[in-house]
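Peer 1:
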Amino acid sequence: MPVRWEPNRFLTEVEKKTQRGLETAAQFLVRRIKLSLRGGQPPGPPGGKPHRLTGTLARSIDYEMGELRARIGTGLVYGRIQELGGVVRPKSARALAIPIHRTAKKAEGPKSFNNLTMIQRSGRPPLLVRIRGKAMDVMYVLLKRVNIPKRPYLRPALDDLGNRKQIERLVARG
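In terms of our numbering, the sequence shown opens at residue 700 and continues consecutively.
#1: Since I believe G765 is in contact with V870 (beta carbons under 8 Å), could you give me their beta-carbon distance rounded to a whole number of angstroms?
#2: Do three or more CB pairs link the segment 777-787 to the segment 844-856 at distances below 8 Å?
#3: Given a threshold of 16 other Cβ atoms within 10 Å of its Cβ, counted over all protein chains shown, does I760 qualify as buried or as exposed?
#4: Quick check: the Cα distance between N846 and L710, rounded to an integer number of angstroms?
#5: Could you name the residues of the same chain whose beta carbon sits closer than 7 Å to that of G774, not counting the 5 residues immediately before and after it, in chain order?
#6: Please say whether V729 and I771 have beta carbons closer to each other than 8 Å?
#7: Can you tell me which of Q726, E714, P706, P701 puts its alpha carbon nearest to the alpha carbon of I866?
#8: How many Å lie between D858 and K864 at the Cα?
#9: Taking the C-alpha atoms as reference points, what is the distance between P798 and M817?
#10: Which residues mark the beginning and the end of the alpha helix (DSSP H) in which L869 is found?
#11: So, under 8 Å CB-CB, A757 and L736 are touching, yes? Tell me the CB distance rounded to an integer number of Å.
#12: Going straight from the alpha carbon of R788 to that of L826, what length do you get?
Right, here's the structure in full:
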């Protein structure tokens with residue numbers, strides 16, 4: 700029986716198998732990244748991975764397939780700044796309202812409250828407080844900018860030697 704060499708068919712099959720392997724590897728890496736984001740209370744130490752508060756970042760990690768490539772990441776606005784670090788400045792307001800009180804952390808911002816009072820402090824950032832009788836709760840601190848140290852969560856999963864070897868095996872296996 701003669702053997703017939705069909706280079707186009709061979710290349711098509713190699714590409715299909717490689718694409719399947721890449722997708723399997725992307726699924727593996729997404730699982731590893733999500734597992735690495737499990738942890739204690741935020742924030743994680745500068746340079747360390749971000750700790751889980753709501754789990755939104757971990758749930759948002761996904762992959763997208765292209766022709767012989769896989770892209771892994773998040774569509775969340777703050778995902779990039781967590782990974783790379785950077786400075787956050789207000790877009791339309793004069794200051795960023797950083798929630799301090801647990802109630803403020805669950806709210807959608809200072810406008811969620813109708814009874815906040817600003818307290819100016821000499822040489823220190825102003826506060827938005829809620830006064831209830833003789834008690835005062837500090838709800839927000841107002842800042843001109845916030846420096847977010849990098850807390851990579853994508854790159855460490857890719858840099859991990861064990862993960863790299865597994866990715867190579869998955870792609871090779873197809």
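Just so it is clear, CB atoms sit at the ideal spot from N, CA and C, and this is done for glycine as well.
Values in this document were obtained by computation on a predicted structure and should not be read as measured data.
Peer 2: In short:
#1: So it is not a contact: roughly 15 Å between Cβ atoms.
#2: The segment 777-787 vs the segment 844-856: in contact.
#3: I760 should be labelled buried.
#4: Using only the alpha carbons, I get a separation of about 49 Å.
#5: Around G774: S759.
#6: Contact: yes.
#7: With distances taken between Cα atoms, I866 lies closest to Q726.
#8: Each residue's Cα considered, the two are about 10 Å apart.
#9: Between the alpha carbons of P798 and M817 lies a gap of roughly 14 Å.
#10: 860-872 is the extent of the alpha helix (DSSP H) around L869.
#11: About 4 Å separates the two Cβ atoms, so the contact holds.
#12: Take the alpha-carbon of R788 and the one of L826: they are about 17 Å apart.
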